[in-house]
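What follows is one structure encoded as structure tokens, with my remarks underneath.
Protein chains: 2
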Amino acid sequence: MNAIGVKDGAGEAELLDIPRPDPEAGEALVRTLRVGVDGTDQEVIAGSHGGSPEGEDYLILGHEAVGVVEDPNGTELEAGDVVVPTVRRPPNGPNRYFENDEPDMAPDGQYHERGIVGAHGFMAEYFTSPESALVSVPTALAEYGFLVEPISITEKAIEHAEASRSAFAWDPESALVLGNGSLGLLTLAMFEQRFERTYCLGRRERPDPTIDIIESLGSTYVNSNNTPVPEIPETYEAPDLIYEATGYARHPFESIEALAPNGVLAALGVPGDWTFEVDGGALHRELVLHNKAIVGSVNSNVRQFEAAVDSLASLSASFIDSLVTGIYDLDEFEGAFVNDDTTIKNAVQFSTYEKR
Amino acid sequence: MNAIGVKDGAGEAELLDIPRPDPEAGEALVRTLRVGVDGTDQEVIAGSHGGSPEGEDYLILGHEAVGVVEDPNGTELEAGDVVVPTVRRPPNGPNRYFENDEPDMAPDGQYHERGIVGAHGFMAEYFTSPESALVSVPTALAEYGFLVEPISITEKAIEHAEASRSAFAWDPESALVLGNGSLGLLTLAMFEQRFERTYCLGRRERPDPTIDIIESLGSTYVNSNNTPVPEIPETYEAPDLIYEATGYARHPFESIEALAPNGVLAALGVPGDWTFEVDGGALHRELVLHNKAIVGSVNSNVRQFEAAVDSLASLSASFIDSLVTGIYDLDEFEGAFVNDDTTIKNAVQFSTYEKR
């Protein structure tokens, strides 16, 4: 069958011909509908993140998938069910994080991530997955179900951020999303439903499609060239919640000062090493005297995927239409990996959903 | 009546003669038993923190008090009740933080702190306090009730730290206290009841009374001269919880790396400005990929004072005896403010408790 993968060191995605997988006991066979592309895929292709399964010299890409159960193979799923797979799998037998249904909390070395590190992804005509790692999706969401995985990332970050503020009466009114990529915009749409005032920071100048989306959501675009994070409190307001999705290493430090008292930063970016000066004394003092919090958050679990299905259903069709830039068939898959200023969210289409 | 205060700019505590206060409606009159001394008092005396009430040129010191109700003045308290006062008071009429019974979450400018900033403290033969800011203490704890306030600081920090880890199955086994001052040692004694393994970092060499206390608690002393924070994971283990009570501005940054995956840092110190280099990229990445959290925590509320009363009751008499270095009568109060390597925790005694 056809698959999209990257050979070690090749630096680009290519079409591969691999055997169709056979589901093992407890696994279902899934016919792939669509698989989204994100920044992590770009890093995996470039070789700066992740890696191929042990003993293999290529990695099938893709971790944002939606598909249709082709063969339930004795599981409680039914043929025709629309499902989204979670990403992490136990690396060498189960460990306590997987046993707790919290693989997202597993430390380095205690997980593989399908399509990212140690395990093949979902960019193939078919994939297999344990039933416990498949989340059912209403058929009405079959087309855009590949957005469940990125939304689940934010569900987890919100859970952890809110938990960190649960020891007192926290009544947040404003939220700032750092980053206007597809994850930032999805998060902003979710925040619009939760906060009275939202802001989204990017470095694009007008005209720009992401700025149009931000404003059509009713949010305020913050151009970081004019208003960097440290100036946001004075220019706009000090946000109760900051969601960092840039991977820009200065942002967490700048956010400590920019947050409102009792506010929380959810950090999601994964920068490389970068040494710089900070006023560590002032940051430390500000954290303490204003009861601020920082939570780092990575990956997501089944519960958060399920919450993401509900969130996806609540987003407007017009927002999703504007977010999804291109759906590419297999014969033009390269287009899905192009990342320019007109691209927000692309996906590769492996097959189409037809209601039975 | 006698009181201990500091005149603006004087740089030292002195005995003052001030009028005995009359309780207003809703307030009780309290006869002071003992008032503890901590590092904040030293900073207030030195003039580096806090300030006198508006329009006055001196501040009565003391925020760690225990006393006996002298005149209930129509409140539901009874004469003879042993009480501990909380520290924060509304500055200019109530605000939402006080209305929520969470004055500890009030930002700068929305509180006075008795004995610290904007309001006189408890180092006087009598003080008045609203009933709602007096926490009852069993008579058996009358002598050491001045430890309730510092313990409540840790109750709050633990609450916030645990809350930040409540979105997943957190099962911490080890905790590290940074700082072997009286707050660090009180916290360590509390942690001994909660964690399987505890560590306490200081910079003292043996023989030292704090090291004796640490070891008699069953904890491990970490000499920062030999094992600075970054080396703790390799030398001992990566702790699940780090409690920072040093005010050393590098500690929060070093703690991000030293924490175990999914761990949390509770930061309590209040350093001055200090600019230094950090590998901000590595810290940001570590927070995210290992789901770490930082919570800043300051002050405490009535609920946390009540929890502190229970915690104080659970600490062994031998631990408390070893922690409390000196109880100074009014005519030798200067001794309570001496801060040398033999001092752990001093208090000034204004009167003695006699059971009715």
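Protein chains in written order, with our numbering: chain Z, 18 to 373; chain W, 18 to 373. Even for Gly, the Cβ is constructed at its ideal location relative to N, Cα and C. The structure displayed is predicted, hence computed values, not measured ones.
Report task. Could you name the residues of the region 170-201 of chain W whose beta carbon sits closer than 7 Å to any beta carbon of chain Z, in the order they occur along the chain? Result -> Those would be E176, H177, A180, S181, S183, A184, F185 and A186, in chain order.
**Report entry** Top-ranked residue by Cα proximity to W/L300, from W/S314, W/N279, W/E271 and W/G313
**Finding:** Minimum Cα distance to W/L300 is reached at W/E271.
Report task. Have a look at the DSSP bridge pairing and note the partners of Z/V86. Result -> Looking at the DSSP output, Z/V86 shares a beta bridge with Z/V47.
Report task. Note down, in chain order, each residue of its chain lying with its Cβ closer than 6 Å to the Cβ of Z/I170, except the 5 sequence neighbours on either side. Result -> Taking Z/I170 as the centre and dropping the five residues before and after it, the same chain places the C-beta of S317 closer than 6 Å to its C-beta, in chain order.
Query raised in the report: Anyone know if the C-beta pair for Z/V100 and Z/S65 falls short of 7 Å?
Result: At a Cβ-Cβ threshold of 7 Å, Z/V100 and Z/S65 do not count as neighbours.
Query raised in the report: From Z/V134, Z/N242 and Z/E87, pick the residue whose C-alpha is nearest to that of Z/D58; which is it?
Result: For the residues Z/V134, Z/N242 and Z/E87, the minimum Cα distance to Z/D58 belongs to Z/V134.
**Report entry** 7 Å Cβ shell around Z/A159 - same chain, five flanking residues per side excluded
**Finding:** Hits under 7 Å: L50, V83, V99 and Y370.
Query raised in the report: Counting only beta-carbon atoms, is Z/G304 nearer than 7 Å to chain W?
Result: A quick correction: the sequence has Leu, not Gly, at residue 304 of chain Z. Closer than 7 Å to some Cβ of chain W, the Cβ of Z/L304 qualifies, so yes.
Report task. For the region 109-144 of chain W, list the alpha helix (DSSP H) runs that are entirely contained and at least 4 residues long, ordered along the chain. Result -> List check, alpha helix (DSSP H) in window: 113-116.
Query - chain W contact residues for Z/E119, given Cβ-Cβ distances below 8 Å - result: Those are F185 and A186, listed as they occur along chain W.
Query - Residues of the region 274-292 of chain Z with Cβ closer than 7 Å to any Cβ of chain W, in chain order - result: Going along the region 274-292 of chain Z in chain order, one finds P278, N279, A284, L285, G286, V287, P288, G289, D290, W291 and T292 with a Cβ nearer than 7 Å to chain W.
**Report entry** Option nearest W/M122 by Cα separation, candidates W/V47, W/S314 and W/L151
**Finding:** When only C-alpha atoms are compared, the closest one is W/S314.
Report task. Please determine if the region 280-288 of chain Z and the region 257-272 of chain Z are in contact, where contact requires at least 3 C-beta pairs separated by less than 8 Å. Result -> Note that the region 280-288 of chain Z touches the region 257-272 of chain Z; at least 3 beta-carbon pairs, one per stretch, sit closer than 8 Å.
Query raised in the report: W/V239: which of W/G56, W/R221 and W/P226 sits nearest, CA to CA?
Result: With distances taken between Cα atoms, W/V239 lies closest to W/R221.
**Report entry** N-terminal and C-terminal residue of the beta strand (DSSP E) that Z/T342 is part of
**Finding:** Run containing Z/T342: V341 to D346, per the beta strand (DSSP E) assignment.
Requested in this report: Mind reading off the beta-carbon distance from W/E93 to W/R48? Whole number of angstroms is fine, and I expect it under 8 Å.
Outcome: No, W/E93 and W/R48 are not in contact; Cβ-Cβ is about 18 Å, not under 8 Å.
Query raised in the report: chain W beta carbons: is any one of them nearer than 7 Å to that of Z/V365?
Result: Not one chain W Cβ lies under 7 Å of Z/V365.
Query raised in the report: Residues in the region 245-278 of chain W with C-beta within 7 Å of chain Z's C-beta atoms, listed in sequence order?
Result: Interface annotation for the region 245-278 of chain W against chain Z: A266, R267, P269, F270 and P278, criterion Cβ-Cβ distance under 7 Å.
**Report entry** CB-CB length for Z/S191 against Z/E213, believed under 8 Å
**Finding:** With 8 Å as the limit, Z/S191 and Z/E213 qualify as a contact, their Cβ atoms being about 7 Å apart.
Report task. List the residues of chain Z whose Cβ lies closer than 7 Å to the Cβ of W/V312, in chain order. Result -> Near W/V312 (Cβ distances below 7 Å), the residues of chain Z are S181 and A310.
Query raised in the report: With a cut-off of 8 Å, do at least 3 Cβ pairs link the region 350-361 of chain Z to the region 141-148 of chain Z?
Result: Counting C-beta pairs with one atom in each stretch, the region 350-361 of chain Z and the region 141-148 of chain Z have fewer than three that are closer than 8 Å, which means they do not touch.
**Report entry** Within the region 308-332 of chain Z, ranges of the beta strand (DSSP E) (whole runs, at least 3 residues)
**Finding:** The region 308-332 of chain Z contains these whole beta strand (DSSP E) runs: 310-313.
Query raised in the report: For W/G26, which of W/A63, W/T204 and W/V305 has the nearest alpha-carbon?
Result: With distances taken between CA atoms, W/G26 lies nearest to W/A63 out of W/A63, W/T204 and W/V305.
Requested in this report: Kindly say whether W/P108, judged by its beta-carbon, lies nearer than 7 Å to any beta-carbon of chain Z.
Outcome: Chain Z contact via Cβ: absent.
**Report entry** Partner residues on chain W for Z/V295, Cβ-Cβ distance less than 9 Å
**Finding:** For the C-beta of Z/V295, the chain W residues within less than 9 Å are, from N- to C-terminus, F270, T292, F293, E294, V295 and G297.
Report task. Just list the beta strand (DSSP E) runs in the region 154-233 of chain W, keeping only unbroken ones of 3 residues or longer that don't cross its boundaries, in chain order. Result -> Annotation: the region 154-233 of chain W contains the following complete segments of the beta strand (DSSP E) (minimum length 3 residues), in chain order: 191-195 and 214-219.
Query raised in the report: Straight-line CA distance for W/T103 to W/G132?
Result: Cα to Cα, the separation comes out at about 11 Å.
Requested in this report: Check the C-beta distance from Z/L76 over to Z/V54 and give it rounded, since I have them as a contact under 8 Å.
Outcome: Actually they do not touch by this definition, with Cβ atoms about 14 Å apart.
Requested in this report: Rounded to whole angstroms, what's the CA-CA distance from W/I231 to W/P245? Just pull it up for me.
Outcome: In a straight line, the C-alpha of W/I231 is about 18 Å away from that of W/P245.
Query - C-alpha distance - W/E41 paired with Z/F115, whole-angstrom precision - result: Counting only the Cα atoms, Z/F115 lies some 60 Å from W/E41.
Query - Simplified DSSP state of W/R37, which is helix, strand or coil - result: Here W/R37 sits in coil by DSSP.
Query raised in the report: In angstroms, rounded to a whole number, what distance separates the CA positions of Z/K24 and Z/E73?
Result: Approximately 9 Å, taken between the alpha carbons.
Query raised in the report: In three-state terms, what does DSSP make of Z/I77?
Result: In the structure shown, Z/I77 sits in a strand (DSSP, three-state: E or B).
**Report entry** W/E294: first and last residue of the uninterrupted beta strand (DSSP E) it sits in
**Finding:** The continuous beta strand (DSSP E) containing W/E294 extends over residues T292 to D296.
Query raised in the report: Hey, does W/P124 have any beta-carbon neighbour from chain Z nearer than 7 Å?
Result: Yes, because at least one Cβ of chain Z sits closer than 7 Å to the Cβ of W/P124.
Query raised in the report: Quick one: what does DSSP say Z/G72 is sitting in, helix, strand or coil?
Result: In the structure shown, the three-state DSSP call for Z/G72 is coil.
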